[in-house]
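K.L.:
Below is the structure I would like to discuss, written out as structure tokens.
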Ligand SMILES: Nc1ncnc2c1ncn2[C@@H]1O[C@H](COP(=O)(O)OP(=O)(O)OP(=O)(O)O)[C@@H](O)[C@H]1O
């Protein structure tokens, strides 16, 4: 229970807060457990002029809550120099005078004279915010959040919302309320962890801003920077539409990111696109804060105010130190060049200094889209920025940079091919006096991605040792003309997540999966044969058609021909193995040729290899997988965490059998379904067409029953008992009409009266040329679904020619 709030301080009350003397000016408002005042900081020496600050007085019920508040204060201390974060001035905690174990905390901070963003929005209820206003607010808030994410390890705000943004006297939007701040929370592994995290999330986040991975912890995603990105997406939506996207639809819609844009007010598609990107269900598909800021800046038409620290870290992480050393002495800059062509990175010996122009500068690369990023490379090389410009750059980027260049992840545009290039630009001139930032990123970015072990046994919310976090943030800010504006340069953790265990970075995996999928059917002879067989079977049997194949045979001719020709093509190409060379030889459109993967070998060099179909299949495609509980279980089990499986199983909303069991069960069901769908119409046929079909049916019934037995006995292999589905039971119902007859006679039911002749329909007789073997053929195809796939090409063609002479 929280202690009752103390009486308000009267104006003029003097207080000591840390090393500062403050005098209360007036009470402003109350927060959850806090009173907020404006106060005057009394200067220690008379030369200083008094300044106005904000005083927050919080009553804390116990030591545990005191620690929470301490974390808030520590976060503010870390971010105190950030322009877009409410600045910390001083703080003080003491036992309250009530002798009940409660504490009182005083926090002095920058006063935001223009109040809260929420108040500002309320002044614009009628004429809502315009796009440029929204972009300005968003840019400021993102810069504040970027300051947190840039820390190593990063801090997650967890409670980004309209109410937690204040406006300063000079119209700067600032992030406040760091009471929910935490480090990365790894996916819980045990029941205890899960409960702890669940409780913590409920306590520290606001429902409407909660990301899917926070709601559904079974997804196995960490709560990390991307959860803040989601909240920022909600924040942006609310800035635009004054409501949250899931206000009415609730958690289910959040879990699937199902929302709609409102018709009023109208915003650009780009704005909507940005919101959609930030609200992607899969956190790994959301942009990171640098990418968000880059996009906002592009929309504003201004330079991006921060450097892409993710990219810098990635490059540093993959750059062998000796290479970095050798790069000293001249400045390297990277620039982005949007192009669909392959990377064309110039490479000159590392020791060669850049060829300078008569005026001392290098020729300027005439591409507008280049943007200088001197700070990035100078931070890597530690070298001062030099006024080089132009394209004849002594490029000696380490090999992995090529990989980064190709591992393009543009969160706002799918499949946009772009690559890194290296150039000097005019803006470098303005920057050549810039001091080098002797910044080194000691921690590789990958540490942010890896699950962080809990610091205590209690839970997984790792107690971030805030004071120990190095505030590298200030160095992430670049001088205005020197920004990273890159859909390309932005390398996010996704790239690393897509690294295979062997260290392979899959270029292909970054593209859409369509190429993989479309390649598959052509890449194996058997699959082509099956496709052909199925197609032919469909045509011959009329399966899936609304009209009889016989009636429509003139139409089917083309289809049959096309089926044959596809088989012929396949056969003549000589190989179905997806071998690019053979395909090239046969002038087949070589889809696989364009696919290659860039593999980083242990020596960090890059080999480009053509992808075989096997290799394609083996590429880990994490981003394409919908993380499911089952996968999570498998992963956990791989980690020998069998307890977790038991736990998840008991907790799962749906009944989970083992992976194999469920797979088998689905396969069996499909098989049974096929059988039953094929046997059912035959039963009808059998009832009307006499002995031959009856005996054929008996065979089918026997086979079906056998299959039922097989599938039932197969249950013994499964870890969980299989519930007999109606589909499994159905074949048993397809009994021999003879048996049925016997039973019927035993019961001696009265015989059904004959329908009078005049009431019987008189269907026209089947033309003679259509009678004959076709019924038998249909039965065959029903019995063996793979029949045509097993026939030889010649047999099929012969058979076809015989029956459809006009079509060939
Ligand atoms: N630095 C500041 N300058 C001006 N107003 C402030 C400042 N800090 C807080 N406020 C005002 O006080 C309100 C409550 O502040 P804050 O959110 O920090 O308190 P809280 O107890 O953490 O509240 P909550 O329980 O809502 O999180 C804010 O909404 C804002 O209007």
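In UniProt numbering, the protein residues as written are 1 to 808. Note that CB positions come from ideal geometry on N, CA and C, so glycine has one too.
#1: Taking the alpha helix (DSSP H) that residue 227 belongs to, which residues open and close that run?
#2: Spatial neighbours of residue 21 within its chain, please: C-beta separation below 6 Å, excluding the five flanking residues on both sides.
#3: By the 10 Å Cβ neighbour count, where 16 or more other Cβ atoms means buried, how is residue 56 classified, buried or exposed?
#4: Tell me, to the nearest whole angstrom, how far the beta carbon of residue 108 is from that of residue 17; I am working on the premise that it is less than 8 Å.
#5: Looking at C-alpha atoms only, which residue of 160, 202, 34 is the closest neighbour of residue 173?
#6: Give me, in chain order, the residues of the same chain whose beta-carbon lies closer than 7 Å to that of residue 205; leave out the 5 immediate sequence neighbours on both sides.
#7: Between residue 253 and the rest of its own chain, which residues show a CB-CB distance below 7 Å, the 5 nearest in sequence each way excluded?
#8: Which one or two residues does DSSP pair with residue 39 in a beta bridge?
#9: Thinking C-alpha only, which one of 65, 230, 166, 305 is nearest residue 810?
#10: Could you tell me whether the segment 141-158 touches the segment 305-312, where touching means 3 or more Cβ pairs closer than 8 Å?
#11: Look at the alpha carbon of residue 36 and the alpha carbon of residue 45, and state the distance between them as a whole number of angstroms.
#12: Going by the beta-carbon positions, is the gap between residue 285 and residue 229 smaller than 8 Å?
#13: Measure how close the beta-carbons of residue 84 and residue 147 come, nearest whole angstrom, since I'm counting them as under 8 Å.
#14: Looking at residue 29 and ligand 1, is the gap between the Cβ and the nearest heavy atom below 7 Å?
#15: Taking the straight line between their C-alpha atoms, what separation do you get for residue 100 and residue 63?
#16: Specify the secondary structure class of residue 93 as computed by DSSP and reduced to three states.
#17: Contact defined as beta carbons within less than 8 Å: I believe residue 59 pairs with residue 33. What is the distance between those atoms, to the nearest angstrom?
#18: Just how far apart, CA to CA, sit residue 123 and residue 93?
#19: So, using beta-carbon positions, are residue 25 and residue 10 closer together than 8 Å?
#20: Just to check, is the beta-carbon of residue 56 closer than 7 Å to a non-hydrogen atom of ligand 1?
#21: Compute the minimum distance between the beta carbon of residue 296 and the heavy atoms of ligand 1, and state whether it is under 7 Å.
#22: Given a cut-off of 8 Å, decide if residue 274 and residue 295 are closer than it, judged by their beta-carbon atoms.
#23: Roughly how many whole angstroms lie between the Cα atoms of residue 298 and residue 78?
#24: Given this structure, state the Cα-to-Cα distance separating residue 50 from residue 23, to the nearest angstrom.
#25: Tell me which residue opens and which closes the alpha helix (DSSP H) that residue 275 is part of.
#26: Is any heavy atom of ligand 1 found at a distance shorter than 7 Å from the C-beta of residue 36?
#27: For ligand 1, is there a heavy atom less than 7 Å away from the beta-carbon of residue 202?
#28: Residue 88 bridges to which residues according to DSSP?
#29: Near residue 270, which residues of its chain fall below 7 Å by C-beta distance, leaving aside the five closest residues on each side in sequence?
#30: Mark residue 802 as exposed unless 16 or more other C-beta atoms lie within 10 angstroms of its C-beta, in which case mark it buried.
#31: In whole angstroms, what separates the C-alpha of residue 168 from that of residue 191?
#32: Cβ of residue 177 versus every heavy atom of ligand 1: is any distance shorter than 7 Å?
#33: Note down the Cα distance separating residue 76 from residue 276, rounded to an integer number of angstroms.
#34: Taking C-alpha atoms, which residue in 28, 257, 266 lies nearest to residue 278?
#35: If you draw a straight line from the alpha carbon of residue 72 to that of residue 238, how long is it in whole angstroms?
P.N.:
Looking at the coordinates:
#1: In the chain shown, the residue the question calls residue 227 occupies position 227. Element bounds for residue 227: 225-241.
#2: Numbered from 1 along the chain shown, position 21 holds the residue referred to as residue 21. Around residue 21: 42.
#3: Within the chain shown, the letter at position 56 stands for residue 56. Buried, because 16 or more other Cβ atoms sit within 10 Å of the Cβ of residue 56.
#4: The residue you call residue 108 lines up with position 108 of the chain shown. The residue you call residue 17 lines up with position 17 of the chain shown. So it is a contact: roughly 5 Å between Cβ atoms.
#5: Here the question's residue 173 lines up with position 173 in the chain shown. Answer by Cα proximity: 160.
#6: Here the question's residue 205 lines up with position 205 in the chain shown. Excluding the 5 residues flanking it on each side, residue 205 has same chain C-beta neighbours closer than 7 Å at 158, 159, 180, 214, in chain order.
#7: Position 253 of the chain shown, counting from 1, holds the residue named residue 253. Once the five neighbours on either side are set aside, the close Cβ partners of residue 253 are 246, 259.
#8: Position 39 of the chain shown, counted from the first residue, corresponds to residue 39. Answer is 24, 53.
#9: An answer regarding residue 810 cannot be provided, because it is not within the stretch 1 to 808 covered by the chain.
#10: Per the Cβ contact rule, the segment 141-158 is in contact with the segment 305-312 (3 or more Cβ pairs under 8 Å).
#11: In the chain shown, the residue the question calls residue 36 occupies position 36. In the chain shown, the residue the question calls residue 45 occupies position 45. Within the model, the alpha-carbon separation for residue 36 versus residue 45 is close to 26 Å.
#12: Numbered from 1 along the chain shown, position 285 holds the residue referred to as residue 285. Numbered from 1 along the chain shown, position 229 holds the residue referred to as residue 229. No, Cβ-Cβ distance for residue 285 and residue 229 is not below 8 Å.
#13: Working through the chain shown from its first residue, we reach residue 84 at position 84. Working through the chain shown from its first residue, we reach residue 147 at position 147. The Cβ separation is near 7 Å, so the contact holds.
#14: Residue 29 sits at position 29 when you count from the first residue of the chain shown. The answer is yes for residue 29.
#15: Here residue 100 is taken as the residue at index 100 of the chain shown, counted from 1. Here residue 63 is taken as the residue at index 63 of the chain shown, counted from 1. In a straight line, the C-alpha of residue 100 is about 12 Å away from that of residue 63.
#16: Looking up residue 93 in the chain shown gives position 93. The answer is strand: DSSP assigns residue 93 an E or B state.
#17: One-based indexing of the chain shown puts residue 59 at position 59. One-based indexing of the chain shown puts residue 33 at position 33. Indeed, because the Cβ distance is near 6 Å, the residues count as touching under 8 Å.
#18: Sequence index remark: in the chain shown, residue 123 carries index 123 (1-based). Sequence index remark: in the chain shown, residue 93 carries index 93 (1-based). Distance between the alpha carbons of residue 123 and residue 93 is about 37 Å.
#19: Here the question's residue 25 lines up with position 25 in the chain shown. Here the question's residue 10 lines up with position 10 in the chain shown. Result no, Cβ atoms of residue 25 and residue 10 do not sit closer than 8 Å.
#20: As a first step, residue 56 must be located in the chain shown, where it is residue number 56. Residue 56: yes, Cβ under 7 Å from ligand 1.
#21: By one-based count along the chain shown, residue 296 stands at place 296. Because no heavy atom of ligand 1 lies under 7 Å away, the Cβ of residue 296 does not count as near it: no.
#22: Taking the first residue of the chain shown as position 1, residue 295 is located at position 295. Taking the first residue of the chain shown as position 1, residue 274 is located at position 274. Against a cut-off of 8 Å, the Cβ pair of residue 274 and residue 295 comes out as a contact.
#23: As a working mapping, residue 298 is identified with position 298 in the chain shown. As a working mapping, residue 78 is identified with position 78 in the chain shown. Rounded to the nearest angstrom, the two C-alpha atoms are 29 Å apart.
#24: As a position in the chain shown, residue 50 is number 50, starting the count at 1. As a position in the chain shown, residue 23 is number 23, starting the count at 1. Spanning the two alpha carbons is a distance of roughly 10 Å.
#25: Locating residue 275 in the chain shown gives position 275, where the first residue counts as 1. Segment 269-278, the alpha helix (DSSP H) holding residue 275.
#26: Within the chain shown, numbered from 1, the residue matching residue 36 stands at position 36. Residue 36: yes, Cβ under 7 Å from ligand 1.
#27: Reading the chain shown from its first residue, position 202 is the one you call residue 202. Result no, Cβ not under 7 Å from ligand 1.
#28: Against the chain shown, residue 88 aligns to sequence position 88. DSSP lists 109 as partners of residue 88.
#29: For the purposes of this step, residue 270 is identified with residue 270 of the chain shown, where counting begins at 1. Excluding positions up to five away in sequence, the list reads 299.
#30: Taking the first residue of the chain shown as position 1, residue 802 is located at position 802. With fewer than 16 other Cβ atoms within 10 Å, it is exposed.
#31: Indexing the chain shown from 1 puts residue 168 at position 168. Indexing the chain shown from 1 puts residue 191 at position 191. Whole-angstrom Cα-Cα distance: 44 Å.
#32: Here residue 177 is taken as the residue at index 177 of the chain shown, counted from 1. For ligand 1, at least one heavy atom lies less than 7 Å from the Cβ of residue 177.
#33: Translated into positions along the chain shown, residue 76 becomes position 76. Translated into positions along the chain shown, residue 276 becomes position 276. In a straight line, the C-alpha of residue 76 is about 31 Å away from that of residue 276.
#34: Start at 1 with the first residue of the chain shown, and residue 278 comes out as number 278. Restricting attention to 28, 257, 266, the CA atom closest to the CA of residue 278 is found in 257.
#35: As a working mapping, residue 72 is identified with position 72 in the chain shown. As a working mapping, residue 238 is identified with position 238 in the chain shown. Cα to Cα, the separation comes out at about 26 Å.
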